[in-house]
Amino acid sequence: MKIAMVGSGYVGLVSGACFADFGHDVVCIDKDETKIERLRAGMMPIFEPGLGELVAQNVRGGRLSFSTDLPSAIEDAQAIFIAVGTPSRRGDGHADLSYVYAVAQEVAESLKNPAVIVTKSTVPVGTGDEVERIIRESGTSTKFAVVSNPEFLREGAAITDFKRPDRIVIGAEDEWARTVMTEVYRPLFLNRAPILFTSRRSSELIKYAANAFLATKITFINEMADLCEKVGADVQDVSRGIGLDNRIGSKFLHAGPSYGGSCFPKDTLALLKTAEDFNSPVRIVEAVVKTNDTRKRAMGRKVIEALAEAGAGEPRGKKIALLGLTFKPNTDDMRDAPSIAIVQALLDAGADVVAYDPEGMELAAPMMPEVTMARNAYEAVTGADAIVLVTEWDAFRGIDLQRIRQLAAQPVLVDLRNVYNPDEVRSAGFHYTSIGRP
Ligand code: UGA
Numbered sequence: 016m017k018i019a020m021v022g023s024g025y026v027g028l029v030s031g032a033c034f035a036d037f038g039h040d041v042v043c044i045d046k047d048e049t050k051i052e053r054l055r056a057g058m059m060p061i062f063e064p065g066l067g068e069l070v071a072q073n074v075r076g077g078r079l080s081f082s083t084d085l086p087s088a089i090e091d092a093q094a095i096f097i098a099v100g101t102p103s104r105r106g107d108g109h110a111d112l113s114y115v116y117a118v119a120q121e122v123a124e125s126l127k128n129p130a131v132i133v134t135k136s137t138v139p140v141g142t143g144d145e146v147e148r149i150i151r152e153s154g155t156s157t158k159f160a161v162v163s164n165p166e167f168l169r170e171g172a173a174i175t176d177f178k179r180p181d182r183i184v185i186g187a188e189d190e191w192a193r194t195v196m197t198e199v200y201r202p203l204f205l206n207r208a209p210i211l212f213t214s215r216r217s218s219e220l221i222k223y224a225a226n227a228f229l230a231t232k233i234t235f236i237n238e239m240a241d242l243c244e245k246v247g248a249d250v251q252d253v254s255r256g257i258g259l260d261n262r263i264g265s266k267f268l269h270a271g272p273s274y275g276g277s278c279f280p281k282d283t284l285a286l287l288k289t290a291e292d293f294n295s296p297v298r299i300v301e302a303v304v305k306t307n308d309t310r311k312r313a314m315g316r317k318v319i320e321a322l323a324e325a326g327a328g329e330p331r332g333k334k335i336a337l338l339g340l341t342f343k344p345n346t347d348d349m350r351d352a353p354s355i356a357i358v359q360a361l362l363d364a365g366a367d368v369v370a371y372d373p374e375g376m377e378l379a380a381p382m383m384p385e386v387t388m389a390r391n392a393y394e395a396v397t398g399a400d401a402i403v404l405v406t407e408w409d410a411f412r413g414i415d416l417q418r419i420r421q422l423a424a425q426p427v428l429v430d431l432r433n434v435y436n437p438d439e440v441r442s443a444g445f446h447y448t449s450i451g452r453p
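Just add 15 to the spot in the sequence shown (first one is 1) and you have our numbering.
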């Protein structure tokens, strides 16, 4: 089957490479010529474990190619995916759909053979209707259908998520479109991945509801963690104790510095806007967004309090070492990373900040020019008055605690991801602060 993937960003590239790996013939399209040239040369625009190899294998196998020429790339495609960005519109938080509509227009103008146009970008309810209107009003006489097929990939685990999905959601309004989509995902049916056919609007809402629910789960456990600190309970136990209830589930109950990334912050805001437009408030999500935002800077204050509690003094002039900057491990993505607000809070308090992140420093450096980037974790902590674990990269989990204690100027360790064993950290001589643990 021939598939065109318009937009070679995170979602487009991962989905395109995985479809090619299933045996489909895939062209990934992008307007950015440099990106396409680099992809042809085997250079990935993002850090995603396994992606470079997957792309290379499928390019070698002749199933995957790259193009900037949309009209010829979509010519004989039976499925044309729209996988362009839908960032938050500046000023109001609505999803910016201008890229999606521009692609719809371009597809409409070049459509020569029957094709199903599939929106993979995260788009508010009703966008499929608008895409359909744009194409119909272009006057095309070619048969087409517009389908919603949201993606549920996590950065850092995107290929596994694509190949072993919990479910595939397809919002289609007609039988022909459902048949084409069944063919697109046939290799996954063979793996018995549950597939859910819904209306297009339900499918569009499923994506936002899923991300908002997960963001709520995280925010809930983060607030429980705060309460644990006040009442002398342990959030790790509370999380396990509730998560073992199948109705609740143990995933996404890990307390931390707040959620970030390219999806939850943007999608929760966009959901609020949809709710507002339809006069159907989602107050829980409103509270989640506010609570998560204020938590980021509060984490900076937590570090300052830890310094005081350890008798290490005021933050002014102190050297604070951050381990990890990205919003989560196994990505170089810095979008809405809690580290940004934490750094700002520490700088505002007069501290000097040094940081190390295995993949994120290139993107982080221009966002935080006052921060000194170290070459490794041990260099970062040398002479530090406090060490703060911000992102739970595997490399930090196994860090030599005795060694960092010797390298640091003062024994203050703040663990915003609860990765360390409190007894071990304390026996290494640290004053240890974590999230929601006594
Ligand atoms: C998220 C969803 O998990 C994907 O299903 C979805 O497809 C994707 O958004 C998207 O809409 O494109 P992602 O943003 O890559 O994926 O990252 P997550 O692994 O979900 O983590 C999001 C944030 O929540 C991170 O900052 C992470 O540190 C935080 N988190 C996650 C917690 O603080 N605690 C948890 O228990 C889980």
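Here a beta-carbon is modelled for each residue, glycine too, at the ideal position from N, C-alpha and C.
For this session: Run the CB neighbour count on residue 439, radius 10 Å, all protein chains shown included, and call it buried at 16 or more, exposed below.
Result: Looking up residue 439 in the sequence shown gives position 424. When all chains shown are included, residue 439 counts as exposed.
Exercise. Where does residue 213 fall in DSSP's three states?
Worked result: Within the sequence shown, the letter at position 198 stands for residue 213. In the three-state scheme derived from DSSP, where H, G and I count as helix and E and B as strand, residue 213 is classed as strand.
Exercise. Which same chain residues, not among the five before or five after residue 85, have their C-beta less than 6 Å away from its C-beta?
Worked result: Position 70 of the sequence shown, counting from 1, holds the residue named residue 85. Counting only Cβ-Cβ distances below 6 Å, and skipping sequence neighbours, we find 44, 121.
Exercise. Roughly how many angstroms lie between the CA atoms of residue 134 and residue 172, to the nearest whole one?
Worked result: The residue given as residue 134 occupies position 119 in the sequence shown. The residue given as residue 172 occupies position 157 in the sequence shown. Straight-line spacing of the CA atoms in residue 134 and residue 172 works out to 22 Å.
Exercise. Out of curiosity, what's the CA-to-CA distance linking residue 267 and residue 386?
Worked result: What you label residue 267 is simply residue 252 of the sequence shown in a count that begins at 1. What you label residue 386 is simply residue 371 of the sequence shown in a count that begins at 1. Taking the straight line from one Cα to the other gives about 30 Å.
For this session: Could you spell out where the alpha helix (DSSP H) holding residue 311 opens and where it closes?
Result: Residue numbering aside, residue 311 sits at position 296 when the sequence shown is read from its first letter. Taken as a continuous stretch (DSSP letters only), the alpha helix (DSSP H) holding residue 311 covers 298–324.
Problem set entry | Bridge-paired residues (DSSP) for residue 401 | If you number the sequence shown from 1, residue 401 lands on position 386. Beta-bridge partners of residue 401 (DSSP): 335.
Exercise. Distance, Cα to Cα, residue 118 vs residue 448?
Worked result: Here residue 118 corresponds to residue number 103 of the sequence shown, with the count starting at 1. Here residue 448 corresponds to residue number 433 of the sequence shown, with the count starting at 1. Answer to the nearest angstrom: the Cα atoms are 49 Å apart.
Exercise. Who pairs with residue 222 in a beta bridge, going by DSSP?
Worked result: Residue 222 sits at position 207 when you count from the first residue of the sequence shown. Note: residue 222 sits in no beta bridge, so no partner.
Problem set entry | C-alpha gap between residue 240 and residue 450, whole angstroms | Here residue 240 refers to the residue found at position 225 of the sequence shown. Here residue 450 refers to the residue found at position 435 of the sequence shown. Answer to the nearest angstrom: the Cα atoms are 6 Å apart.
Exercise. Cβ atoms of residue 396 and residue 340: under 8 Å apart, would you say?
Worked result: Reading the sequence shown from its first residue, position 325 is the one you call residue 340. Reading the sequence shown from its first residue, position 381 is the one you call residue 396. It is not a contact, given that the beta carbons lie outside the stated cut-off.
Exercise. What are the partner residues of residue 286, as DSSP defines its beta bridges?
Worked result: Locating residue 286 in the sequence shown gives position 271, counting from the first residue. None; residue 286 has no bridge partner.
Exercise. In terms of residues, what are the limits of the alpha helix (DSSP H) holding residue 33?
Worked result: Here residue 33 is taken as the residue at index 18 of the sequence shown, counted from 1. It spans 25–36 - the alpha helix (DSSP H) in which residue 33 sits, taken as one unbroken run.
Exercise. Hey, out of 410, 383, 370, 344, whose CA is closest to residue 398's CA?
Worked result: Walking along the sequence shown from the start, residue 398 turns up at place 383. Closest option to residue 398, Cα to Cα, is 370.
Exercise. Going by the CB atoms, is the gap between residue 327 and residue 349 shorter than 8 Å?
Worked result: In the sequence shown, residue 349 corresponds to position 334, counting from 1. In the sequence shown, residue 327 corresponds to position 312, counting from 1. No.
Exercise. Is the region 408–420 touching the region 303–319, taking contact as three or more C-beta pairs under 8 Å?
Worked result: No contact exists between the region 408–420 and the region 303–319.
Exercise. Hey, is residue 194's beta-carbon within less than 8 Å of any beta-carbon in chain B?
Worked result: Judged by its chain identifiers, the structure shown contains no chain B, having just a single protein chain.
For this session: Compute the distance between the beta-carbons of residue 93 and residue 253, then report whether it is under 8 Å.
Result: Here residue 93 corresponds to residue number 78 of the sequence shown, with the count starting at 1. Here residue 253 corresponds to residue number 238 of the sequence shown, with the count starting at 1. No, these two residues do not count as a Cβ contact at 8 Å.
For this session: Can you say whether residue 127 is buried or exposed, counting buried as having 16 or more other CB atoms within 10 angstroms of its CB?
Result: Start at 1 with the first residue of the sequence shown, and residue 127 comes out as number 112. Residue environment: residue 127 is assigned as exposed (fewer than 16 neighbouring CB atoms within 10 Å of its CB, all protein chains considered).
For this session: Decide if the region 51–69 is in contact with the region 199–215; the criterion is three or more beta carbon pairs, one per stretch, under 8 Å apart.
Result: No, the region 51–69 does not touch the region 199–215.
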